[in-house]
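Residue numbers (the working numbering): 21 to 459.
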Ligand code: HSE
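Structure representation (structure tokens):
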């Protein structure tokens, strides 16, 4: 059988990695796919990269500046989109689909925002849109959720799905440094982008979580309903206190099935130090999945980088190659569930989310202060798990009061926090970080 022909849009880190992995492992890949997978055309905006690529591959593989030329090329069977961002990626992917081409993409933002439109277009045209590389880089979590765990009713997923923020949090904890200092160091080392907003504000993690949630629970991709909170206001003091209480703070993406709907949230979270996922350090990613039949499973690995991400892109290329000749109705559905089985279960607003809390209050060190605070919590039916009082770095006649609560409803906690903040003996904005036992 002739080799399947691939058009590669984007010759950045992942594009180059994909090319190298395909070249290096071509014999094994052919053995697995049943036919060769050949890069037949490349589109790159950067002329220097294009020139360097051409120097390696020679004239056999045309490298064009205009990706339209590639998606219009009738010889191309699969378009690999590795440029990221919304436009022109969205238009190129839709055009490729309209031209009857399968698509492999690592573009989490595109699918989290426009997945419904793209998957529908692909279904109508009978082509595949594969996106293993969009979530947690080299970890085959999409394959695991969509196929490996297909017997299960998934209960929740919790993931460290952004390496940049995990690196920053690991450094803050390990070296006792503040966020701004570690961010600068991360940028110097190349772990953080010069504009790190998407990573540090939790947006990148929320894109990935949105995709996992849709696959796990059979709902449409709904990024606009996700709660997104990053780590930029996290203080070293809270990482230290969390540690003293037996917890680590991680930026977690959490999606959980509840009786009234689905939780979909990214925020800094205290988790017990004894959990395996609490010990995932540096730029590594990890995802825990709780499901009814298998129980807890954990997936760990590199969430970014040239070859780890290429590993996922090439796995998708092999999948698409195997499935290219299969009846579209018998392929694995894009979001795991058949289109007529996608449910309209709502995403819950944050006020209805169930979670526990870490609170840090800077309070006047005088009689009755603690009792007024615990009274407010009791009045809101919020149960205390642990209390710690420590000398405040802020001044002598005040103290840091750290309270861990049991699970409650977030809306109730918001009301209690507003009341506590109004006390004259509470001297600074209360720090509130959610806490999950992941049991
Ligand atoms: N910027 C991401 C991270 C990798 O830091 O994990 C690509 O999503």
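C-beta atoms are modelled at their ideal positions from N, C-alpha and C, and glycine is treated no differently.
Query, Result
"Cβ pair residue 322, residue 180 closer than 8 Å", "no"
"Reduced DSSP secondary structure (H/G/I, E/B, other) of residue 134", "helix"
"Distance, residue 314 Cα to residue 324 Cα", "28 Å"
"Among 29, 340, 259, 282, nearest to residue 451 - alpha-carbon criterion", "259"
"3 or more residues per run - each beta strand (DSSP E) lying fully within the segment 283–356", "304–311, 315–322"
"At least 3 beta-carbon pairs within less than 8 Å: the segment 296–308 vs the segment 409–428", "no"
"First through last residue of the alpha helix (DSSP H) which encompasses residue 20", "The requested residue 20 is not part of the displayed model; the chain covers only 21 to 459."
"First and last residue of the uninterrupted beta strand (DSSP E) at residue 419", "418–425"
"Which of helix, strand or coil DSSP assigns to residue 377", "strand"
"Exposed unless 16 or more other CB atoms sit within 10 angstroms - verdict on residue 89", "exposed"
"Contacting residues, own chain, Cβ-Cβ under 8 Å from residue 392 (five flanking each side not counted)", "443, 445"
"For residue 125, three-class secondary structure by DSSP", "strand"
"Neighbour-count burial assignment, residue 398, 16 or more Cβ in a 10 Å radius", "exposed"
"Beta-carbon gap between residue 92 and residue 124 smaller than 8 Å", "no"
"Local conformation of residue 6 per DSSP, three classes", "Nothing about residue 6 can be reported from this structure: the residues present for the chain run from 21 to 459 only."
"Rounded straight-line distance, which links the Cα of residue 172 to that of residue 351", "19 Å"
"Inter-residue spacing [alpha-carbon to alpha-carbon] between residue 207 and residue 361", "44 Å"
"Any 3 or more C-beta pairs closer than 8 Å across the segment 109–120 and the segment 138–157", "yes"
"Per-residue DSSP class, three states only, for residue 65", "coil"
"Local conformation of residue 267 per DSSP, three classes", "strand"
"Distance between residue 43 and residue 50 (C-alpha atoms, nearest Å)", "11 Å"
"Complete alpha helix (DSSP H) runs within the segment 201–231 (minimum length 4 residues, chain order)", "217–220"
"Residue 183, buried or exposed, once every other Cβ within 10 Å from all chains shown has been counted against 16", "buried"
"Cβ neighbour criterion (16 or more within 10 Å) applied to residue 283", "buried"
"Per-residue burial, residue 455 [other beta carbons within 10 Å of its own, 16 or more giving buried]", "buried"
"C-beta atoms of residue 333 and residue 34 nearer than 8 Å", "yes"
"CA-to-CA distance, residue 133 to residue 109, given in whole angstroms", "12 Å"
"For residue 97, three-class secondary structure by DSSP", "coil"
"Terminal residues of the beta strand (DSSP E) in which residue 113 lies", "Premise fails: residue 113 lies in the alpha helix (DSSP H), 109–118, not in any beta strand (DSSP E)."
"Residue environment, residue 30, which counts as buried when at least 16 other CB atoms sit within 10 Å", "buried"
"heavy atom of ligand 1 below 7 Å from residue 182 C-beta", "yes"
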